[in-house]
Amino acid sequence: MNQDPIIVAIDGYSSSGKSTMAKRLAAAVGYRYVDSGAMYRAITLKAMRTGLAGASGVDEAGIVALLPTTTIDFRPVEGGQVTLLDGEDVEREIRSMEVSNMVSPVSVIPAVRHALTAMQQAFGKSRGIVMDGRDIGTTVFPDAELKVFVDAAPETRAERRFKELTAKGVVTTYEAVLANVTERDEIDRTRKESPLRCADDAVKIDNSGMTLEEQDALLLKLFNDAAGR
Ligand code: DC
Numbered sequence: 001m002n003q004d005p006i007i008v009a010i011d012g013y014s015s016s017g018k019s020t021m022a023k024r025l026a027a028a029v030g031y032r033y034v035d036s037g038a039m040y041r042a043i044t045l046k047a048m049r050t051g052l053a054g055a056s057g058v059d060e061a062g063i064v065a066l067l068p069t070t071t072i073d074f075r076p077v078e079g080g081q082v083t084l085l086d087g088e089d090v091e092r093e094i095r096s097m098e099v100s101n102m103v104s105p106v107s108v109i110p111a112v113r114h115a116l117t118a119m120q121q122a123f124g125k126s127r128g129i130v131m132d133g134r135d136i137g138t139t140v141f142p143d144a145e146l147k148v149f150v151d152a153a154p155e156t157r158a159e160r161r162f163k164e165l166t167a168k169g170v171v172t173t174y175e176a177v178l179a180n181v182t183e184r185d186e187i188d189r190t191r192k193e194s195p196l197r198c199a200d201d202a203v204k205i206d207n208s209g210m211t212l213e214e215q216d217a218l219l220l221k222l223f224n225d226a227a228g229r
């Protein structure tokens, strides 16, 4: 039986619940969890702070120039992990609606994708990793032993995200969240560089009507089959 650590790629639409899935699977099997969306959010935040992304648009060349001196990492904390941008804990800030509204235009920039893809591949070097995102199974780890593609109706996803944001104290409306989710879907799906797409060899899961427990059990079964456990 193959017991070597594997790579698990979980891709899907905004707020499809893929990070919950990925985090819970990683914890259950003792793997490292990497949130690639947090990495796109972190570089977007840096671009916003330096005036390179905002209401007036996105300064592509300026953002590309930030890349060589940018580090993005994760630090484990009680009950999860936080995202570090150049060593600073930016976990809260990167989840704001302001960053959510700017992240897609920043993540279409090819040089940004190349730089973050290289960082993500470095995280997977020693394998034993669960990474979630949009292009993990297609571009970052095309040879991942287990690929999952998660989908759910836009209204279901927007409702989940709205509840999550409200619980965190973020002031917004369901309509604003639905508009953001729909717009990000469209940009993610239609961008030239590594668009959101279900890999041919991915297992498709629509979790609209699934409980967390059902989802966990399904993922664990897929994992055990793929890892030869
Ligand atoms: O998973 P998330 O919603 O936190 O991701 C935020 C954005 O980052 C998403 O709208 C598109 C981008 N993204 C990407 O382009 N590629 C990835 N692998 C992950 C996220």
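Here this note's numbering is used: the first residue of the sequence shown is 1, the next is one more, and so on. Ideal Cβ positions, reconstructed from N, Cα and C, are used throughout, including at glycine.
**Item:** Whole-number beta carbon distance between V8 and A144, since they are thought to touch under 8 angstroms
**Value:** 6 angstroms
**Message:** With a threshold of 8 angstroms between beta carbons, is G133 in contact with chain B?
**Reply:** Of the protein chains in the structure, only one exists, and it is not chain B.
**Message:** I want to check one thing, is the minimum distance from the CB of I136 to the heavy atoms of ligand 1 below 7 angstroms?
**Reply:** yes
**Prompt:** What's the call for D188, buried or exposed, on a 16-neighbour Cβ count within 10 Å?
**Reply:** buried
**Message:** Could you check whether T50 and L66 sit closer than 8 angstroms to each other, using their CB atoms as the reference points?
**Reply:** Yes, they are a contact pair.
**Selection from N101, I205, G87, V58 that minimises the alpha carbon distance to V112** = V58
**Asked** Under the three-state reduction of DSSP, which class applies to Q3: helix, strand or coil?
**Response** coil
**Prompt:** Going by the C-beta, is Y40 closer than 7 angstroms to any heavy atom of ligand 1?
**Reply:** yes
**Message:** Report the CB separation of K18 from V150 in whole angstroms; it is logged as a contact under 8 angstroms.
**Reply:** 5 angstroms
**Asked** Mapping DSSP to helix, strand and coil, what is R41?
**Response** helix
**Asked** Quick one: does the C-beta of R238 sit closer than 7 angstroms to a heavy atom of ligand 1?
**Response** Only positions 1 to 229 of the chain appear in the structure, and residue 238 is not among them; the question remains open.
**Asked** How do the stretch 70 to 86 and the stretch 31 to 46 stand: do at least 3 beta-carbon pairs fall below 8 angstroms, yes or no?
**Response** yes
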